[in-house]
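Encoded as structure tokens, the structure appears first; notes follow it.
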Amino acid sequence: MPESLSLKREIQRKYIHFSSAIIPIVILIIGKEKSLAILGIVTPIFIVFDFLKSRISLFDKLYHTFFGLITREEEFKSLTGASFVLFGCLITLMMFPLHSAVFGMLVMSLCDSIAAIIGKSKGKVSLFGKTLEGTIGFV
Numbered sequence: 003m004p005e006s007l008s009l010k011r012e013i014q015r016k017y018i019h020f021s022s023a024i025i026p027i028v029i030l031i032i033g034k035e036k037s038l039a040i041l042g043i044v045t046p047i048f049i050v051f052d053f054l055k056s057r058i059s060l061f062d063k064l065y066h067t068f069f070g071l072i073t074r075e076e077e078f079k080s081l082t083g084a085s086f087v088l089f090g091c092l093i094t095l096m097m098f099p100l101h102s103a104v105f106g107m108l109v110m111s112l113c114d115s116i117a118a119i120i121g122k123s124k125g126k127v128s129l130f131g132k133t134l135e136g137t138i139g140f141v
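Position in the sequence shown (from 1) plus 2 gives the number in our numbering.
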């Protein structure tokens, strides 16, 4: 099972996750086509960086310097949550109408963060590797 972050580190991590709500807000401001172009460039850059950090020590050191304290152990050698979020936003924006995509991205950014904090701090009942309390917090 992946190493768990302390509640304090999980909250720090979720501040960043919570701030990803800026992505759908910017999408609403600049529009779907420009957003697709930007996400289409930025997403592969993040994925390549994730790939390089697990293979080239300079990238690994840079990553550890800025994000080491809030990174889950399994993310040091694989894709990080940021790459998954960007890829998810790109695919969602490609597949759904603008307002539906933006709503889904906001739910992901806000509700997932709240669920993780509730699950980590109050969770007692395990449910498929998560907690019942966190799941209820998501809703």
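Glycine is no exception: its CB is placed at the ideal position from the N, C-alpha and C atoms.
Bear in mind that the values here come from a model prediction, so they are computed numbers and not experimental data.
Its chain contains Thr133, Leu134 and Glu135 as the residues whose beta carbon lies nearer than 8 Å to that of Val127, once the 5 sequence neighbours on both sides are disregarded; these appear in chain order.
By a beta-carbon distance limit of 8 Å, Asp52 contacts Thr82. Their separation comes to about 6 Å. For Ser123, the enclosing alpha helix (DSSP H) covers residues Leu100 to Lys124. For Phe51, the uninterrupted alpha helix (DSSP H) run begins and ends at Lys34 to Lys55, by DSSP.
Closest in C-alpha terms to Phe89, from the list Leu9, Ile18 and Pro46, comes Pro46. Across the set Ser80, Ala118 and His101, the C-alpha of His101 shows the shortest separation from the C-alpha of Ile29.
At a Cβ-Cβ threshold of 8 Å, Cys113 and Ile25 do not count as neighbours.
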